[in-house]
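Below is one structure, written out as structure tokens; comments come after it.
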Amino acid sequence: MDLPSAPSAAYFAHPHAAATASPPPSSPSSPFPSRPPSPSSRVSYAYPSTPDIASTRESSTAPPSTRSASHSKNPLLKRPRRHGRRAEGQGWLAWLLNGVKGHGKASPQELELGETRGRRFSAGQAEAATPSAASARAAARAATAGSGAKKGWMTRERAQLAVAFAMIALVGMNDSATGANLDKMQEHYSVSYDKISTVFLSNTAGYFLSSISASFFLHHFGLQVSLLVASAAMSTGCVVLSVAPPFPVFVSMLLFMGFGSGMYDASITTIISHEEDGVLMSWLYSCFGVGAMISPLMIGAFVDKGYDWNRYYNMPLGFSLILAVIGFFTFRGYEVPPDEAHDATLATAQAPEGSAAPASGEVIHARAVMSAQQRMTRALKLPSVYVGFLLIICAFASTDILSAWIVSFMIQKRSSPAAATRFVLAGVWAGIALGRVVLAWLLTKRLGERAFSIVLLVAACAMFAVLYVHNFAVNAVVTVLAGFFIGPVTPKVLDVVGVRVPPSLKSAVMSLTIGLGLIGSSVGPLLFGLVAGRGGLSTLPAVLIGISVVSIIGWFCVSSLIAPTLYRLPPKVFHL
1 MDLPSAPSAA
11 YFAHPHAAAT
21 ASPPPSSPSS
31 PFPSRPPSPS
41 SRVSYAYPST
51 PDIASTRESS
61 TAPPSTRSAS
71 HSKNPLLKRP
81 RRHGRRAEGQ
91 GWLAWLLNGV
101 KGHGKASPQE
111 LELGETRGRR
121 FSAGQAEAAT
131 PSAASARAAA
141 RAATAGSGAK
151 KGWMTRERAQ
161 LAVAFAMIAL
171 VGMNDSATGA
181 NLDKMQEHYS
191 VSYDKISTVF
201 LSNTAGYFLS
211 SISASFFLHH
221 FGLQVSLLVA
231 SAAMSTGCVV
241 LSVAPPFPVF
251 VSMLLFMGFG
261 SGMYDASITT
271 IISHEEDGVL
281 MSWLYSCFGV
291 GAMISPLMIG
301 AFVDKGYDWN
311 RYYNMPLGFS
321 LILAVIGFFT
331 FRGYEVPPDE
341 AHDATLATAQ
351 APEGSAAPAS
361 GEVIHARAVM
371 SAQQRMTRAL
381 KLPSVYVGFL
391 LIICAFASTD
401 ILSAWIVSFM
411 IQKRSSPAAA
421 TRFVLAGVWA
431 GIALGRVVLA
441 WLLTKRLGER
451 AFSIVLLVAA
461 CAMFAVLYVH
471 NFAVNAVVTV
481 LAGFFIGPVT
491 PKVLDVVGVR
501 VPPSLKSAVM
511 SLTIGLGLIG
521 SSVGPLLFGL
531 VAGRGGLSTL
541 PAVLIGISVV
551 SIIGWFCVSS
561 LIAPTLYRLP
571 PKVFHL
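So in the UniProt record's numbering the end of the sequence shown lands on 576, straight run, no missing numbers.
What follows is the structure, encoded as structure tokens:
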């Protein structure tokens with residue numbers, strides 16, 4: 001029986017120790033000396049050298065020498081997770097400050113070399129990843145020479161994050177533009193409240209279609225094509241809406257706008273969900289609030305200057321085209337992280353006896369690749385998905401009803417000026433964005449998932465109750481505070497669902513959750529529009545309180561139903 005090669009643990013503990021003597025002659029069947037060393041004599045082994053990271057990556061397409069050195073099992077070829085610094089005790093604030101100042105603790109070569117020292121390798125992996133002692137010395141010299149170099153601020157990871165946040169801000173602009181333009185649209189087309197409410201249904205129908213098809217696009221065509229499809233759909237809608245088409249065409253173009261927004265939302269949310277970081281998810285959706293805040297301000301400025309309502313759609317058209325070009329190059333080569341824990345092991349067999357590549361007694365692993373339909377079917381078997389459906393429906397419904405009807409409520413029931421009311425709507429989205437940054441950062445680690453959301457929903461109910469006070473100033477303040485409290489609930493729902501599913505199902509689960517949540521986003525404003533058309537606009541606070549109470553009941557179900565199925569990935573495996 002062939003004995004394994006010399007142990008690599010001693011080398012990785014002292015990687016820079018050079019071999020001072022050559023090993024004694026060994027038998028052909030064993031790399032060890034023919035006679036064990038004497039306790040009084042010192043023998044040095046020629047341990048494997050440090051892997052040359054650059055050469056390893058360049059030759060990653062070459063077939064491995066042994067099956068145990070397969071790329072899917074080699075830790076050296078796994079891309080490090082973006083939480084590497086956080087695992088060392090460095091928080092987000094320090095990470096941002098180091099990025100701005102331009103100097104970190106060590107060079108990238110030193111960090112990657114340090115990570116390899118703490119890993120355990122099999123003999124085949126060590127032999128495949130350690131070409132020679134000369135390459136080890138070259139890597140050490142490169143690390144030493146680069147340690148004093150100034151680290152660049154804009155890395156590929158941060159560029160991808162910046163583009164993702166900008167795309168979500170564009171989605172927020174589209175989401176709030178319909179509500180901010182609702183009165184002008186109704187005046188232009190001379191339709192009733194019941195008929196103008198169909199614009200919410202059309203926009204959300206496109207959003208829903210894109211959310212359930214995003215998993216298919218991501219699985220078959222990749223992230224780049226999915227983002228290009230989103231940009232094409234949104235640009236088409238903006239071009240047609242900018243000329244104020246007839247009402248049927250206007251409604252159909254809102255479907256295109258919704259499709260583009262949904263494709264952006266589902267794709268970017270899937271990317272961020274791989275990080276399994278609730279604070280990062282909240283920051284992402286705070287950018288949604290920033291975009292939704294900008295849109296009413298732009299529309300209000302156009303109204304003050306006497307421009308037509310349709311002139312606004314030239315702005316998202318330009319943003320969409322710019323982000324399409326930047327995103328195409330920024331996300332080039334992006335791959336969905338593998339799922340070692342949940343991909344099925346199809347077959348285990350011993351290597352052929354006459355084969356030279358595998359070692360004796362080695363096990364061969366083959367991992368299944370699920371289709372988009374299989375991923376969706378498997379996702380529907382997770383209990384966390386169904387609890388997430390209820391929570392996301394309530395979260396989307398409360399946010400969209402508030403943003404879509406607060407302008408009409410303030411104008412008709414509180415006799416406020418139209419321009420001032422649009423600033424109130426901008427304040428609502430500013431509160432939502434600020435709450436998703438501040439409250440998520442302050443309370444996420446101090447409160448549990450359930451307590452965090454319930455406390456915020458109770459505070460939001462108190463703000464909705466104050467809307468019954470017939471005073472414009474008081475209503476404006478409590479409306480902004482209500483947005484501040486309900487803002488973090490939506491990303492918290494997505495985080496609660498995302499951490500309970502494996503990476504292979506994240507695209508299907510997140511797309512399905514967002515798509516089903518849009519039922520509340522469309523049905524909520526539509527049903528309330530029917531109520532408002534029959535003189536029930538004053539019931540807006542009561543409806544919002546009722547939805548919040550239903551959401552609180554759903555959050556009480558989180559712990560008992562889905563807490564035992566928590567799934568967290570090990571650190572330092574995946575990154576954006």
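All residues carry an ideal CB built from backbone N, CA and C; glycine is no exception. Note that this is a predicted model, so its numbers are computed, not measured.
Quick check: what's the CA-CA separation for residue i versus residue j?
i, j, result
"Met437", "Val279", "Reading off the sequence shown, one finds Val at residue 437, where the question assumed Met. Answer to the nearest angstrom: the Cα atoms are 8 Å apart."
"Leu518", "Ala301", "30 Å"
"Met281", "Ala166", "14 Å"
"Val239", "Phe556", "46 Å"
"Ala162", "Ala292", "17 Å"
"Leu442", "Gly435", "10 Å"
"Ser522", "Thr330", "33 Å"
"Ile545", "Phe485", "13 Å"
"Gly262", "Gly515", "8 Å"
"Pro541", "Phe247", "31 Å"
"Asp183", "Val458", "31 Å"
"Phe208", "Thr155", "34 Å"
"Leu566", "Asn471", "Note on Leu566: pLDDT 41, under 50, position unreliable in the model; the coordinate value appears next. About 47 Å."
"Gly206", "Leu456", "30 Å"
"Phe423", "Ile401", "17 Å"
"Ser415", "Gly289", "26 Å"
"Gly487", "Trp429", "8 Å"
"Pro525", "Leu425", "16 Å"
"Arg332", "Met257", "25 Å"
"Pro503", "Gln160", "19 Å"
"Tyr468", "Lys445", "35 Å"
"Ser403", "Lys381", "34 Å"
"Gly222", "Ala473", "49 Å"
"Asn475", "His220", "49 Å"
"Val549", "Val489", "13 Å"
"Arg500", "Pro245", "45 Å"
Less than 8 Å between the CB atoms is what I'm expecting for residue i and residue j, so what's the real figure, rounded?
i, j, result
"residue 589", "Ile168", "The shown model of the chain, from 1 to 576, leaves out residue 589, and the question about it has no answer."
"Ser176", "Met234", "With 8 Å as the limit, Ser176 and Met234 do not qualify as a contact, their Cβ atoms being about 15 Å apart."
"Gly483", "Ile432", "4 Å"
"Lys492", "Ser453", "6 Å"
"Asp194", "Gly533", "5 Å"
"Asp178", "Val199", "The sequence shown places Thr at residue 178, not Asp. The pair is a contact, with the Cβ atoms about 6 Å apart (cut-off 8 Å)."
"Leu218", "Ser267", "6 Å"
"Phe250", "Ser210", "Rounded, the Cβ-Cβ distance is 19 Å, inconsistent with contact."
"Leu391", "Gly554", "5 Å"
Cutting at 6 Å between CB atoms, please list the residues of its own chain near residue i, excluding the five before and the five after it.
i, result
"Tyr264", "Met167, Val171, Ala230"
"Ile547", "Cys394, Ala397, Ser398"
"Gly327", "Val163, Leu227"
"Pro417", "none"
"Lys287", "Note that residue 287 corresponds to Cys in the displayed sequence, not to Lys. For Cys287, where only same-chain residues beyond five positions count, the Cβ hits under 6 Å are Phe165, Ile168, Ala169."
"Gly520", "Ile393, Phe396, Ala397"
"Gly427", "Val480"
"Phe389", "Leu516"
Here's a check: name, in chain order, each residue in its chain whose Cβ is nearer than 7 Å to the Cβ of residue i, leaving out the five neighbours to either side.
i, result
"Val558", "Val387, Glu449, Arg450, Val496"
"Leu537", "Ser408, Phe409, Gln412, Lys413"
"Ile212", "Ser511, Leu512, Gly515"
"Ile196", "Leu182, Met185, Gln186"
"Thr421", "Val407, Met410, Ile411"
"Ile189", "Just to set this straight, residue 189 is Tyr in the shown sequence, not Ile. Counting only Cβ-Cβ distances below 7 Å, and skipping sequence neighbours, we find Phe247."
"Thr269", "Leu494, Met510, Ile514"
"Ala419", "Gly300, Val303, Asp304"
For a cutoff of 8 Å on Cβ pairs, would you count residue i as touching chain C?
i, result
"Ile322", "Note that chain C does not occur in the displayed structure, where there is just one protein chain."
Leaving out five residues on either side along the sequence, give the residues of the same chain with a beta carbon under 8 Å from the beta carbon of residue i.
i, result
"Met315", "Met173, Met298"
"Leu254", "Thr178, Val199, Ser202, Asn203, Gly206, Gly237, Leu241"
"Gln224", "Gly327, Phe328, Phe331, Arg332, Tyr334"
"Ser252", "Ser202"
Is residue i near the ligand NAP, with its Cβ less than 7 Å from a heavy atom?
i, result
"Cys461", "This structure simply doesn't include the ligand NAP, nor any ligand for that matter."
Q) Do three or more CB pairs link the segment 450-468 to the segment 498-511 at distances below 8 Å? A) No, the segment 450-468 does not touch the segment 498-511.
Taking 8 Å as the cut-off, does the segment 403-420 touch the segment 471-481 (at least 3 CB pairs, one atom from each stretch)? Touching, yes, given that three or more Cβ pairs across the two stretches are closer than 8 Å.
Query raised in the report: For the 8 Å Cβ check, are there 3 or more pairs between the segment 295-314 and the segment 439-450?
Result: Short answer: they don't touch.
Task: Any 3 or more C-beta pairs closer than 8 Å across the segment 305-323 and the segment 236-252 - done: Taking 8 Å as the limit for Cβ pairs, the verdict is that the segment 236-252 does touch the segment 305-323.
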